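These notes are about the structure you will find just below.
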Amino acid sequence: MDHIDKFAATVNEISKPQPVRRGAWSSMNWIQKSGCLLGVLLILPYLIADGRLGIFLGLLSWTSFYVGYVGGGLWKYKHALHFWWSFAGASVVHALLLPIYAVIVKLTKNAPGHEGKLYLYLGFGLLICEVLSLHYATKKIGLRIHHKEHA
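Quick note on our numbering: the sequence shown kicks off at -3 and runs consecutively.
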């Protein structure tokens, strides 16, 4: 009888409705989706554009990804205020890094031949590191404040 009971319990466990796994896109809210779409739309002309326009569109694209994803993530917790101060903090950090970006742009313009591309890649690598680290930091800080307020 013991084996029959185990088998019946296994059948009952298998026949229970399983939770539906949602993909990354369907779990995003409208702010995150619009930020990601705007980022993709701005990346497309960036790939074609050259020079300052390309750099501007690249920055705009990364910013829209950042605002959309991080802002939407914090908006889920009904803390728009956390998003705005974290975005202000990210803007201050970016403003502090602007002289470094200016030096990289100057080195890119003055470099002979293909050496300029190396500096350009360095600038984009720095930008990607900045965006990802700010994304991680603001999300962690925002969630920590959220949990402190509702603990």
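Think of the CB as a built atom: it goes at the ideal place given N, C-alpha and C, for glycine as much as any other residue.
Keep in mind that this is a model prediction, so the values were computed, not measured.
Straight-line CA distance for residue i to residue j?
i, j, result
"LEU94", "LYS144", "33 Å"
"LEU123", "LYS2", "57 Å"
"TRP58", "VAL99", "20 Å"
"LEU103", "HIS110", "12 Å"
"LEU34", "GLY54", "12 Å"
"ARG140", "PRO108", "48 Å"
"SER129", "LEU49", "25 Å"
"GLY64", "LEU92", "22 Å"
"TYR117", "GLY138", "31 Å"
With DSSP run on the structure shown, which of helix, strand or coil describes residue i?
i, result
"PRO108", "coil"
Restricting to Cα atoms, I'd like to know which of the options is closest to residue i.
i, options, result
"HIS131", "PHE52, GLY85, LEU53", "GLY85"
"HIS90", "TYR115, GLY64, GLY119", "GLY119"
"THR134", "LEU56, LYS29, VAL88, LEU40", "VAL88"
"GLU126", "ILE96, LEU114, VAL101", "ILE96"
Under 8 Å by Cβ, that's how I've got residue i and residue j pegged, so tell me the actual separation to the nearest angstrom.
i, j, result
"GLY31", "PHE61", "6 Å"
"LEU56", "LEU38", "5 Å"
Closer than 8 Å, CB to CB, is residue i near chain D or not?
i, result
"GLY31", "No chain D is part of this structure, which consists of one protein chain only."
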